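Taking the working numbering, I'd label the letters of the sequence shown as residues 212 to 433.
Even glycine gets a Cβ: it sits at the ideal position worked out from N, Cα and C.
Here the structure is a predicted model, which means the values were calculated and not measured.
Only one structure is covered here, and it is reproduced in the block below.
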Amino acid sequence: MRILVIEDDKNISRQVATILGKAGYAVDISHDGEDGQYLGESESYDAVILDLGLPMRDGLSVLRNWRQQGLTMPVLILTARSTWRDTVAGLRGGADDYLSKPFELEELVARIEALIRRSSGLANPIIKCGKVELDTSNGQVILSGEVRELTALEYRTLSYMMHHQGTIISKTELTEHIYDQDFDLDSNVIEVLINRLRKKLYPELVKTRRGLGYILDCGDVS
Ligand code: CA
212 MRILVIEDDK NISRQVATIL GKAGYAVDIS HDGEDGQYLG ESESYDAVIL
262 DLGLPMRDGL SVLRNWRQQG LTMPVLILTA RSTWRDTVAG LRGGADDYLS
312 KPFELEELVA RIEALIRRSS GLANPIIKCG KVELDTSNGQ VILSGEVREL
362 TALEYRTLSY MMHHQGTIIS KTELTEHIYD QDFDLDSNVI EVLINRLRKK
412 LYPELVKTRR GLGYILDCGD VS
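If you want it as structure tokens, here you go:
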């Protein structure tokens with residue numbers, strides 16, 4: 212899962228990126244409204260954290276632009292503007308959630324988890340597939356009752372696939388959602404990651420669809 216943070220306060224953006232990284236997300240940071248809007252249009256994000264008071268372009272106008280273009284990624288507004296009128300304007304501008312500063316980092320992460328869950332049509336924070344359970348509240352992966360240790364990239368890959376069960380996911384799509392902008396892209400890495408997941412969990416969990424990509428097989432857990 213990959214998140215865009217648009218925030219001009221570098222102290223806040225660094226803290227937010229650090230805690231999101233620890234929670235298992237790939238994170239891109241933008242410090243102004245123009246660059247942030249462009250990233251939202253050109254890259255694939257599973258959620259966006261958007262400040263309102265931004266250089267170059269106001270956050271609310273960034274959000275309205277995205278929504279007018281039909282972009283549907285969940286957006287959480289994180290701002291010092293904290294009156295009920297601001298909140299209403301943000302939500303009616305197309306935001307999915309609103310958090311005012313000062314805020315607790317853990318609350319922000321929990322809200323992002325919930326937004327991503329809902330946008331994948333899931334309600335339970337524990338996502339199940341076959342013999343595997345992924346607890347999005349603490350990043351634990353459990354196989355038949357036992358905790359399995361995954362690397363950050365393995366976790367992101369599994370988490371993205373668990374959130375998109377029943378759909379074939381191409382290598383390109385996976386690449387876009389598990390790496391941040393600065394990562395050197397190499398699609399061979401995806402094959403390696405998938406094979407490591409099969410080894411650490413079980414081989415039948417991830418099916419290959421030749422020429423198309425991968426799909427989780429959640430059936431037949433016996
Ligand atoms: Ca600001």
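Within a Cβ cutoff of 7 Å, which residues of the same chain sit near Arg407, ignoring the five residues on either side of it in sequence? Glu365
As a quick exercise: from Gln279, Thr378, Glu402, pick the residue whose alpha carbon is nearest that of Cys429. Thr378
From Arg328 to Arg421, what does the alpha carbon distance come to, in whole angstroms? 29 Å
Judging by CA-CA distance, which residue of Val400, Ala321, Leu412, Tyr371 is the nearest neighbour of Glu360? Leu412
Measure the C-alpha to C-alpha separation of Glu415 and Asp395 and round it to an integer number of angstroms. 29 Å
Is the separation between the beta-carbon of Met267 and that of Asp243 shorter than 8 Å? yes
Would you call the segment 297-309 and the segment 213-233 in contact, with 3 or more CB pairs under 8 Å? no
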